[in-house]
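Peer 1:
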Amino acid sequence: MTISSSPVRLSLDEAYELSRDVLSRNGMNAQHAASVAQSVVAGQRDECQSHGMYRLLVCVKGLRSAQVSGNAQPDVFDVSAALTRVDAHAGFSQVAFAAGVDELIRKANEVGVAALAINNCFHFSALWQEVEMLAERGVAAMAMTPSHACVAPAGGSKPLFGTNPFAFAWPRPGDFPFVFDFATSMVARGDIELAARNQQSIPEDWAIDACGQPTRDPARALDGAMLTFGSYKGSALSAMIELLAGPLIGDWMSFESLAKDAGAAITPHHGELIVAFGLNKFGGGDGCAKSNLARAEVLFHAIVDQGARLPSQRRFAARARSLREGVQIDRALFDEINAL
Ligand code: NDP
Ligand code: PYC
23 MTISSSPVRL SLDEAYELSR DVLSRNGMNA QHAASVAQSV VAGQRDECQS HGMYRLLVCV
83 KGLRSAQVSG NAQPDVFDVS AALTRVDAHA GFSQVAFAAG VDELIRKANE VGVAALAINN
143 CFHFSALWQE VEMLAERGVA AMAMTPSHAC VAPAGGSKPL FGTNPFAFAW PRPGDFPFVF
203 DFATSMVARG DIELAARNQQ SIPEDWAIDA CGQPTRDPAR ALDGAMLTFG SYKGSALSAM
263 IELLAGPLIG DWMSFESLAK DAGAAITPHH GELIVAFGLN KFGGGDGCAK SNLARAEVLF
323 HAIVDQGARL PSQRRFAARA RSLREGVQID RALFDEINAL
């Protein structure tokens, strides 16, 4: 028998059906399975490997641990004219976001600025998915969330912060929105996990080992502490995310999420904060939104005109490729997913 190690190519529909089936067979209801499958396939489609179908492994681990609910029905609370809160009841963040997003947009357009606080969710997804969708629906938006403690504050050597991503999107009429989305660590932890799976070394400035020494070994990095990007600047941003998407919204910080995990190594359990801005209320009101958007275009063109690229352009190009050709998955990962 020949054992193939070549990557597997799937159409987007096949990737979605496989992901949804794996999640359903492991206890998710139809709504959860559809929402989470859509999210991991979007990651795979945009060639964000660390937040693509690889995440099915940890999703299933969480479902099997019975700590994650695959059938929670989120509750939506109309807290004030500008604030909506969703209790995910220990379900995945994607389902909670879907429950609150319409209210967030409505309030941002009515008040000018609005927030969606998601509590009590298991969170693993890339944040661009949410802010990009918000910008496509006409509002500017930012999102942030903690994770599990695995990043040392600048100047320290022990895991305290999560990889704490921050994402922002701005609508561009007739084009993809302007979107950036980054971990406040040097890189997402998922990329170090993938390097460990593939036995690849990592750059020396990503992490330190358990003795506080720089390391290129992903396994040692996972046992040690990751580093923030931009030294003390990324460190301060990461702390801000802990505060705004933690105590401000009454939810766990990364070190608390990790303590609750108690070695189970499942998806982090905490909250998320999303803020949206209604362009029709700021900058002179409704009549000025169009010309304000046009002025923003001058900035984007000036970036590109000097040879720089806009964030997310790699992703959008990958998306176009995947829509044409389907997605490619590492054979070992494909086999592991099938075994689930
Ligand atoms: P990257 O460093 O790969 O990319 C960060 C951003 O910078 C992207 O928007 C990227 O766009 C853009 N970018 C990259 N290179 C350039 C360039 N040369 N010029 C302009 N823009 C550029 O991402 P990270 O490793 O920091 O994070 C990866 C993902 O992990 C994020 O989506 C994040 O949400 C997710 N994550 C989720 C967590 C969670 O708890 N849920 C925790 C941590 C991370 P492009 O994609 O087009 O390259
Ligand atoms: O890749 O850093 C990461 C991550 C943490 C939680 C989800 N993704």
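Note that the numbering used here gives residue 362 to position 340 of the sequence shown, counting from 1, and the numbers run on in steps of one.
Backbone N, C-alpha and C fix where the C-beta goes; we use that ideal spot for every residue, glycine too.
On a predicted model such as this, the values are computed, not experimentally measured, just so you know.
Tell me whether S207 sits in a helix, a strand or coil according to DSSP, three-state version.
Peer 2: strand
Peer 1: Which word fits I325, buried or exposed, when buried means at least 16 other C-beta atoms lie within 10 angstroms of its C-beta?
Peer 2: exposed
Peer 1: Let me check you understand the geometry: is the CB of R337 closer than 7 Å to at least one non-hydrogen atom of the ligand NDP?
Peer 2: yes
Peer 1: Looking at the structure shown, is Q350 part of a helix, part of a strand, or coil, going by DSSP?
Peer 2: strand
Peer 1: Helix or strand or just coil, what does DSSP make of T24?
Peer 2: Low per-residue confidence applies at T24: pLDDT is 44, beneath 50, and the placement is therefore not dependable enough to give any value.
Peer 1: Less than 7 Å between the CB of T167 and some heavy atom of the ligand NDP, yes or no?
Peer 2: yes
Peer 1: I'd like to check one pair, T289 with G65: are the Cβ atoms closer than 8 Å?
Peer 2: Note that the C-beta distance between G65 and T289 is not below 8 Å.
Peer 1: Give, in chain order, every unbroken run of the alpha helix (DSSP H) that is at least 4 residues long and sits entirely within the segment 280-344.
Peer 2: 311-327
Peer 1: Tell me, which residues are paired with D231 by DSSP?
Peer 2: Beta-bridge pairing links D231 to no other residue.
Peer 1: For M23, which residues from the same chain have a beta carbon less than 8 Å from its beta carbon, with the 5 sequence-adjacent residues on both sides left out?
Peer 2: Low confidence applies to M23: its pLDDT is 41, below 50, so where it sits in the model is not reliable enough to give any reading.
Peer 1: On the three-state DSSP scale, how would you describe N186?
Peer 2: Coil, per DSSP.
Peer 1: What does DSSP give as the partner residues of I140 in its beta bridges?
Peer 2: Answer is V108 and E294, bridged to I140.
Peer 1: Would you say the beta carbon of R211 is closer than 7 Å to some non-hydrogen atom of the ligand PYC?
Peer 2: yes
Peer 1: Less than 7 Å separating the Cβ of S147 from some heavy atom of the ligand NDP?
Peer 2: yes
Peer 1: Between which two residues does the alpha helix (DSSP H) harbouring M262 extend?
Peer 2: Y254 to L266
Peer 1: Given this structure, state the Cα-to-Cα distance separating S279 from C172, to the nearest angstrom.
Peer 2: 11 Å
Peer 1: Between D35 and S61, what straight-line distance do the alpha-carbon atoms span, to the nearest angstrom?
Peer 2: The straight-line gap from Cα to Cα measures roughly 13 Å.
Peer 1: To which residues of the same chain is K180 closer than 7 Å at the C-beta, ignoring the five residues directly before and after it?
Peer 2: Excluding positions up to five away in sequence, the list reads A174 and A247.
Peer 1: When every heavy atom of the ligand NDP is checked, does at least one fall within less than 7 Å of the C-beta of H73?
Peer 2: yes
Peer 1: How is the beta strand (DSSP E) around V101 delimited, first residue to last?
Peer 2: D97 to S102
Peer 1: Excluding the 5 residues preceding and the 5 following D124 in the sequence, name in chain order all residues of the same chain whose CB lies nearer than 8 Å to its CB.
Peer 2: Taken in chain order, the list of residues that qualify is empty.
Peer 1: From the DSSP output, in three-state form, read off V90 for me.
Peer 2: coil
Peer 1: Excluding the 5 residues flanking F119 on each side, which residues of the same chain have their C-beta closer than 8 Å to its C-beta?
Peer 2: In the same chain as F119, and ignoring 5 residues on each side of it, the C-beta atoms closer than 8 Å to its own belong to V108, L138, I140, E152, E294 and I296, in chain order.
Peer 1: Please list the terminal residues of the continuous beta strand (DSSP E) segment that includes H45.
Peer 2: Position check: residue 45 holds Leu in this sequence, whereas His was assumed. Segment L34 to R47 is the alpha helix (DSSP H) holding L45; no beta strand (DSSP E) there.
Peer 1: Candidates V320, V349, N302 and I359: which alpha carbon is nearest N131's?
Peer 2: Measuring from the Cα of N131, the nearest candidate turns out to be N302.
Peer 1: Heavy atom of the ligand PYC less than 7 Å from the Cβ of A205, yes or no?
Peer 2: Yes - the ligand PYC has a heavy atom lying nearer than 7 Å to the Cβ of A205.
Peer 1: Beta-carbon separation of V58 and F114 under 8 Å?
Peer 2: yes
Peer 1: Let's see if you can read the secondary structure: which residues bound the beta strand (DSSP E) around A165?
Peer 2: V161 to M166
Peer 1: Helix, strand or coil for W192? Go by DSSP, reduced to three states.
Peer 2: strand
Peer 1: Compute the Euclidean distance between the alpha carbons of I271 and V63, then round it to the nearest angstrom.
Peer 2: 29 Å
Peer 1: Which residue marks the beginning of the alpha helix (DSSP H) containing L156, and which one marks its end?
Peer 2: W150 to E158
Peer 1: Please name the residue, chosen from T250, E226, S253 and Y254, that lies closest to R242 on a Cα-to-Cα basis.
Peer 2: For R242, the nearest C-alpha among the options comes from E226.
Peer 1: Counting only the same chain and skipping the five closest in sequence on each side, list residues whose C-beta sits under 6 Å from that of S257.
Peer 2: P175, A176 and T250
Peer 1: Mind checking which residues open and close the alpha helix (DSSP H) that includes A171?
Peer 2: Secondary structure note for A171: it is in no alpha helix (DSSP H), with a DSSP letter that is neither H nor E.
Peer 1: Is any heavy atom of the ligand NDP found at a distance shorter than 7 Å from the C-beta of P333?
Peer 2: yes
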